[in-house]
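Residue numbers (the UniProt record's numbering): 1 to 84. Step one of this worksheet: look at the structure below.
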Amino acid sequence: MCNYQPWEDDSPSSEEHEPRTRNVTNTVATGWHPCETRIAMLEARIARIEVRLDGLEARIFYQQKALRIISLLFLVTLAYAIWK
1 MCNYQPWEDD
11 SPSSEEHEPR
21 TRNVTNTVAT
31 GWHPCETRIA
41 MLEARIARIE
51 VRLDGLEARI
61 FYQQKALRII
71 SLLFLVTLAY
81 AIWK
């Protein structure tokens, strides 16, 4: 069975759901426009997702190699069983 692991990156963080009044004070403190702040947060989230996707791709590649080996062993065993 596949073990489900909830990802922390997918859960909405408090940074992404701040009240609008905090964005106004954030704009004064950092000099960033609220849209720029939102874009920066989205870019960071995309980067985290890309890293996770790279890990999943590596795992799938490894599993494909294992499946090829198992399939080859099955075919060899089948051929041997028919030959005997």
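Built from N, CA and C at the ideal position, the CB exists for glycine as well.
Within the same chain, no Cβ atom closer than 8 Å to the Cβ of leucine 56 is found once the five residues on either side in sequence are excluded. Residue state for lysine 84 is assigned as coil, using DSSP reduced to three classes.
Inter-residue distance for isoleucine 49 and alanine 40 is about 14 Å (C-alpha atoms, whole angstroms). Cα atoms of cysteine 35 and leucine 42: separation of roughly 10 Å, rounded to the nearest angstrom.
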